[in-house]
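What follows is a set of notes on a single structure, which appears directly below.
2 protein chains.
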Amino acid sequence: MDDEEARTRLLDAAEELFYRHGIQAVGMDRIRTGSGVPLKRLYRIFPAKESLVTAYLERRDRRWTADLREAVTGAPEPVLAVFDWLAAWFSEPDFRGCAFLNAHGELGAAAPPVVHTHKAALHALLAELAPAPGLADQLLILAEGATTVAALNPGPEPAHRAREIAEVLLRAHRPS
Amino acid sequence: MDDEEARTRLLDAAEELFYRHGIQAVGMDRIRTGSGVPLKRLYRIFPAKESLVTAYLERRDRRWTADLREAVTGAPEPVLAVFDWLAAWFSEPDFRGCAFLNAHGELGAAAPPVVHTHKAALHALLAELAPAPGLADQLLILAEGATTVAALNPGPEPAHRAREIAEVLLRAHRPS
DNA sequence: ACATAAGGAGAACGATCGTTCTCCGCCTTG
DNA sequence: CAAGGCGGAGAACGATCGTTCTCCTTATGT
Numbered sequence: 000m001d002d003e004e005a006r007t008r009l010l011d012a013a014e015e016l017f018y019r020h021g022i023q024a025v026g027m028d029r030i031r032t033g034s035g036v037p038l039k040r041l042y043r044i045f046p047a048k049e050s051l052v053t054a055y056l057e058r059r060d061r062r063w064t065a066d067l068r069e070a071v072t073g074a075p076e077p078v079l080a081v082f083d084w085l086a087a088w089f090s091e092p093d094f095r096g097c098a099f100l101n102a103h104g105e106l107g108a109a110a111p112p113v114v115h116t117h118k119a120a121l122h123a124l125l126a127e128l129a130p131a132p133g134l135a136d137q138l139l140i141l142a143e144g145a146t147t148v149a150a151l152n153p154g155p156e157p158a159h160r161a162r163e164i165a166e167v168l169l170r171a172h173r174p175s
Numbered sequence: 000m001d002d003e004e005a006r007t008r009l010l011d012a013a014e015e016l017f018y019r020h021g022i023q024a025v026g027m028d029r030i031r032t033g034s035g036v037p038l039k040r041l042y043r044i045f046p047a048k049e050s051l052v053t054a055y056l057e058r059r060d061r062r063w064t065a066d067l068r069e070a071v072t073g074a075p076e077p078v079l080a081v082f083d084w085l086a087a088w089f090s091e092p093d094f095r096g097c098a099f100l101n102a103h104g105e106l107g108a109a110a111p112p113v114v115h116t117h118k119a120a121l122h123a124l125l126a127e128l129a130p131a132p133g134l135a136d137q138l139l140i141l142a143e144g145a146t147t148v149a150a151l152n153p154g155p156e157p158a159h160r161a162r163e164i165a166e167v168l169l170r171a172h173r174p175s
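Chains A and B, in that order, are what the protein sequence lines are.
Residue numbering for the first sequence follows numbering that gives the first Met the number 0, beginning at 0 and increasing consecutively.
Residue numbering for the second sequence follows numbering that gives the first Met the number 0, beginning at 0 and increasing consecutively.
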């Protein structure tokens, strides 16, 4: 196992454990057990827990944003496709809300900056898709609201309700 | 200082510290320093940290829900008054998102049940105010979405955007 | 006034955390 | 084959946590 695979295993274990149990509740020893990477190597690749947390969030940001972008580009109604993609996300068995919002709530001002860049990236994507300026702010509220509601009541329904609202907003901005 | 005042001081300190820094990041010694109540008395009133956390969330739930209910009952447009009240909340200098969502993100399955009852109470209030059945689910998404967006970008603007969406929804349900 | 109980201040205790160190086996290289 | 260095397994270390205990002051009751 070379360093690159060790890094991947560490990030996989970190993502699984940090997302499920929270960051402060998971010790480095559980990362080691979950990844199979010895502590010595762990600290050579990530010199401190903080850098592992940051790397976990940054990788999740890249994958999440790329997945969403790929799902909506080319769709007949890109704005509505966002909520279809959210519905599928909310239905994953271990869905537990937005990892970045959870990290912000837990760490407060000590949260890594990727928390803000992740939300800025989502806002930028919505601004690309929105047919009217100013609509992106409203769509962001719908997406965040659906995610938050689904965090406590898992399932696709919040995304469906948010999609209905988005349809109304699109009709209002693009009167048929 | 009798036990009742000690309890109030403890809950005040707990609310300030837990809400600002997160629950796991605040030790019992800081609660003691912040409240001026000695550890011995603290543990006589709250036998463990978990019960202090639960009491903090339960008191905040009662106050938050009562404040919101009082602000919207009797308003000319109760549904829209919800978002005006949210705008004022988001503008408080130490606003840091929904305490219950933060606790859920941090503690996961170990979060006290009041997290769910708080969200159920908000949903029930919205169902009282909504002029049509099914609208409450959508209003809940708007309120949660505005709160989430404001948690990372403090200020009243998310509540204003959510209020605009609510106006559109009300017009759609009650065509003039 | 004196015995007694209660309360406060802070030390102490065991557990756990993030991080480092020790020791041992193994693999490479001449 | 021999020597040396690297990596893994887990103990160890200091800090901090939640919780309890000790010790001393203070107030009370007769």
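Cβ atoms here follow ideal geometry from the backbone N, Cα and C, with glycine treated the same way.
As the structure is a computational prediction, the values presented were derived from the model and not from experiment.
Q.
Could you compute how far the alpha carbon of Pro92/A sits from the alpha carbon of Leu67/A?
A. Whole-angstrom Cα-Cα distance: 19 Å.
Q.
Please list, in chain order, the chain A residues whose beta carbon lies closer than 7 Å to that of Val148/B.
A. The answer, in chain order, is Leu139, Ile140, Glu143.
Q: Under the assumption that Ala110/A contacts His103/A (Cβ atoms under 8 Å), give the Cβ distance between them as a whole number of angstroms.
A: Confirmed, about 5 Å.
Q: Spatial neighbours of Ala13/B within its chain, please: CB distance less than 7 Å, with the 5 preceding and 5 following residues excluded, ordered by chain position.
A: Excluding sequence neighbours, Ala13/B sits near Ile30, Leu51, Tyr55.
Q: Quick one: list the residues of chain B neighbouring Lys118/A, beta-carbon separation under 7 Å, in chain order.
A: By Cβ distance, chain B contributes Leu151.
Q: For the alpha helix (DSSP H) holding Arg170/B, just list the boundary residues, first then last.
A: In the DSSP assignment, Arg170/B falls within the unbroken alpha helix (DSSP H) covering 156-172.
Q: Can you pull the chain A residues whose beta carbon is under 7 Å from the beta carbon of Asp136/B, in chain order?
A: Within chain A, the residues placing a beta-carbon under 7 Å from that of Asp136/B are Arg160, ordered along the chain.
Q. Val167/B versus chain A: which residues are under 8 Å apart at the beta carbon?
A. Chain-ordered, the chain A residues with CB closer than 8 Å to the CB of Val167/B read Val167, Leu168, Ala171.
Q) How would you label Thr147/A, buried or exposed, when you count the other beta carbons within 10 angstroms and need 16 or more for buried? A) With 16 or more other Cβ atoms within 10 Å, it is buried.
Q: Starting from the Cα of Trp84/A, find the closest Cα among Asn101/A, Gln137/A, Ala65/A, Arg19/A and give me that residue.
A: Each of Asn101/A, Gln137/A, Ala65/A, Arg19/A was checked against the Cα of Trp84/A, and the nearest Cα belongs to Ala65/A.
**Q.** Which listed residue (Cys97/A, Ala80/A, Leu10/A, Asp28/A) has its alpha carbon closest to that of Trp63/A
**A.** That would be Cys97/A, whose Cα lies nearest to the Cα of Trp63/A.
Q) Using the C-alpha atoms, what's the distance from Ala158/A back to Ala129/B? A) Cα to Cα, the separation comes out at about 20 Å.
Q. Would Val206/B pass as a contact of Leu79/B if the rule is Cβ separation under 7 Å?
A. Nothing about residue 206/B can be reported from this structure: the residues present for chain B run from 0 to 175 only.
**Q.** Expected contact under 8 Å - CB spacing of Gly33/A and Glu105/A to nearest Å
**A.** Between Gly33/A and Glu105/A the beta-carbon gap is near 19 Å, outside 8 Å, which marks them as no contact.
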